[in-house]
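Here is the structure we will look at.
Protein chains: 2
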Amino acid sequence: MARKTGSHSEITGPKIRAEAQRLFARHGFAAVSMRQIAGAVGVQAGALYLYTPDKEALLFDLLKTHMDELIAAWHAEPGGGDAHARLERFVRFHIRFNLERAEAVFLSYMELRNLSPENFAVIEGLRKTYETELEAILKAGQDEGVFLIPDTKLATMAIIAMLTGVNTWFREGGRLSRATVADIYWDMVRKSVGA
Amino acid sequence: MARKTGSHSEITGPKIRAEAQRLFARHGFAAVSMRQIAGAVGVQAGALYLYTPDKEALLFDLLKTHMDELIAAWHAEPGGGDAHARLERFVRFHIRFNLERAEAVFLSYMELRNLSPENFAVIEGLRKTYETELEAILKAGQDEGVFLIPDTKLATMAIIAMLTGVNTWFREGGRLSRATVADIYWDMVRKSVGA
DNA sequence: GTCTATAGTGGGATAGAC
DNA sequence: GTCTATCCCACTATAGAC
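Line by line, the protein sequences are chains H and A.
Using full-length UniProt numbering, read the first sequence as starting at 1 and increasing by one per residue.
Using full-length UniProt numbering, read the second sequence as starting at 1 and increasing by one per residue.
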């Protein structure tokens, strides 16, 4: 434990990603130096290049992992039920998952500009995949006659923006609990689609 | 017109702000250099310091001006009417104004981190002022009995996030016109507050 | 696997000529 | 009011010792 050098590849890799995520979210990708990340991890800057080919690849890894986990977590939720029940599950899932990973969510909205065009396209594709999950629910509800939605594409974007917005103001220990916030947002979403 | 040097203080100042806004919005504050801004304006980097004490002050000026103009433009809108009519005006105003100033809106959400604590507090105060305008409408509607809102603070944040989200996907010449988008969003907002 | 040292580049800001 | 030139510092990434 006291030694300063040695083999730590199984510890250092995840630690680099964790500290990079924290620093990028707090100060912005361009404003954070590799030296800062190395300092937070407890290694020298050069050592980072054993784990990532360059700074942008580190960012891409964070965003890609986040999007993959988001989609996997949604697929792991119980399915079935009518559109009304599925929409409620989506709303509660989205708020819960995003609040649990506030830093990663923040990054995945703010730092897309710093990706190469190829990497940008990958993340955008995953985002689209996730949005399509919500749109499918809205379309199903429209077909079943339980929702009244003028445009399902716009409703998809509107609902996701509204739900993701919770991350910008929610503070642990504030006036409302996560559960209460989710209840209230579900009430607004439900009404907005005419259910 | 052909001379390369001379006095242009009335042209150069606004040009610096315009190019800085464009570049900051496109690449991010930290990723844009003073040399880049100067190049876009057509002057040397040193000349920028006749117009701004430093890079951060340039950013603050852009954000402050935007927030002042947003609030002034809202106050210039016709007032009066019941809460239902005032909410509709707010929804249409917000979408229209934000689409007209997409770069400034983007900056005012993305680059707050790069302000000093004092300057950050100024912008946040102005944002709060604007949000309070919407909250007052929602409270009035709740009192008049025309809205059914579980929590006016949350509804305020939800509606603003939803409306501002239009900027992330709207493209001129796309499937829907601005007017149609505003109609659809107004429909969703109206329903979400139980009107 | 991590270190030290450094190459090479580019950053913000300033001084002084014109 | 703008220019050129420059100070000083920080950055990403790499080379080579241990």
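We put the CB at the ideal spot given by N, CA and C, even for glycine.
Predicted model, so just to flag it, every value in this text is computed and none were measured.
State the DSSP-derived secondary structure class of A:L176, mapped to helix, strand or coil.
DSSP places A:L176 in coil when its eight states are reduced to three.
Rounded to a whole number of angstroms, what is the C-alpha to C-alpha distance between A:R86 and H:A158?
About 21 Å.
Chain A beta carbons: is any one of them nearer than 9 Å to that of H:Q44?
Closer than 9 Å: no.
Would you give the residue range spanned by the alpha helix (DSSP H) that H:A30 belongs to?
First-last for H:A30: undefined, no H or E at that position.
Just the C-alpha distance for A:G141 and H:K191, rounded to the nearest angstrom, thanks.
Their Cα atoms are separated by approximately 17 Å.
Using only alpha-carbon positions, find the residue among A:F29, A:E77, A:L50 that is nearest to A:P14.
The shortest Cα separation from A:P14 among A:F29, A:E77, A:L50 belongs to A:L50.
Going straight from the alpha carbon of A:M34 to that of H:A30, what length do you get?
Each residue's alpha carbon lies about 15 Å from the other.
Would you say A:P117 lies against chain H (beta-carbon separation less than 9 Å)?
A:P117 does not count as touching chain H.
For chain H, check one thing: does any of its Cβ atoms lie closer than 9 Å to the Cβ of A:K153?
A:K153 counts as touching chain H.
Can you tell which of A:Y109, A:N119, A:E131 has the C-alpha that lies nearest to the C-alpha of A:T168?
Here the closest residue by C-alpha is A:Y109.
Got a sec: is the Cβ-Cβ distance from A:L176 to anything in chain H below 9 Å?
For A:L176, the answer is yes, since a Cβ of chain H falls inside 9 Å of its Cβ.
Does the distance from the CB of A:L58 to the CB of A:R17 come in under 9 Å?
Yes, they are a contact pair.
So that I know if they touch, is there some Cβ in chain A lying closer than 9 Å to that of H:I95?
Judged by the 9 Å Cβ criterion, H:I95 is not in contact with chain A.
Quick one: is H:L148 buried, meaning 16 or more other Cβ sit within 10 Å of its Cβ, or exposed?
Exposed, by the Cβ-count rule.
Identify the continuous alpha helix (DSSP H) that holds H:R86 and give its terminal residues.
From DSSP, the alpha helix (DSSP H) with H:R86 extends over 83-100.
Could you give the uninterrupted runs of the alpha helix (DSSP H) lying entirely in the stretch 105-193 of chain H, keeping only those of 4 residues or more?
Those alpha helix (DSSP H) runs which fall completely within the stretch 105-193 of chain H and span 4+ residues are 117-144, 152-164, 166-169, 178-192.
Consult DSSP for H:E195 and reduce its assignment to one of helix, strand or coil.
Strictly speaking, residue 195 of chain H in this sequence is Ala, with Glu absent from that position. H:A195 falls in the coil class under three-state DSSP.
Please list, in chain order, the chain A residues whose beta carbon lies closer than 8 Å to that of H:G181.
It should be pointed out that residue 181 of chain H corresponds to Val in this sequence rather than to Gly. The answer, in chain order, is L154.
Closer than 8 Å by beta-carbon distance: list the chain A residues that pair up with H:W186, in chain order.
Per Cβ cutoff of 8 Å: no residues; H:W186 is ~10 Å from chain A at best.
Can you check which of these residues, H:K64, H:T156, H:H94, is closest to H:E77 by C-alpha distance?
The candidate whose alpha carbon is nearest that of H:E77 is H:H94.
Measuring straight from C-alpha to C-alpha, what distance separates H:S177 and H:R92?
Going from the Cα of H:S177 to the Cα of H:R92 covers about 13 Å.
According to DSSP, simplified to helix, strand and coil, what is residue 200 of chain H?
Because chain H spans 1 through 195 in this model, residue 200 of chain H falls outside it and cannot be assessed.
Taking 9 Å as the CB-CB limit, is H:R3 close to chain A?
In this predicted model, H:R3 has a pLDDT of only 37, less than 50, meaning its place in the structure is not dependable enough to derive any value.
What would DSSP say about H:P78, mapped onto helix, strand or coil?
DSSP places H:P78 in coil when its eight states are reduced to three.
Closer than 8 Å by beta-carbon distance: list the chain A residues that pair up with H:S192, in chain order.
Going along chain A in sequence order, the residues near H:S192 (Cβ under 8 Å) are M188, V189, K191, S192.
Could you have a look at H:T12 and say whether DSSP puts it in helix, strand or coil?
It is helical.
Assuming contact is defined by CB atoms lying nearer than 9 Å, are H:V41 and H:E56 in contact in what I supplied?
It is not a contact, given that the beta carbons lie outside the stated cut-off.
Going along the chain, which residues of the stretch 127-160 of chain H sit with their C-beta nearer than 9 Å to a C-beta in chain A?
Here the close residues are L148, I149, P150, D151, K153, L154, A155, M157, A158, I159, I160.
Apart from the five residues on each side of it in sequence, which residues of its chain come closer than 7 Å, Cβ to Cβ, to H:W186?
Contacts found: E88, V91, R92.
Please report whether the beta-carbon of H:R171 lies at a distance below 9 Å from any beta-carbon of chain A.
For H:R171, the answer is no, since every Cβ of chain A falls outside 9 Å of its Cβ.
Going along chain H in order, which residues have a C-beta closer than 7 Å to the C-beta of A:R113?
Per Cβ cutoff of 7 Å: H27, G28.
Does the CB of H:M162 have a neighbour CB from chain A at under 9 Å?
With 9 Å as the cut-off, H:M162 counts as an interface residue toward chain A.
Anyone know if the C-beta pair for H:L107 and H:L62 falls short of 9 Å?
A contact, by the Cβ cut-off of 9 Å.
Which residue from A:R171, A:R96, A:D54 puts its Cα closest to that of A:W74?
Selected option, being the one with the closest Cα: A:R96.
Against chain H, with Cβ distances strictly below 9 Å, would A:V166 count as a contact?
Interface residue, yes.
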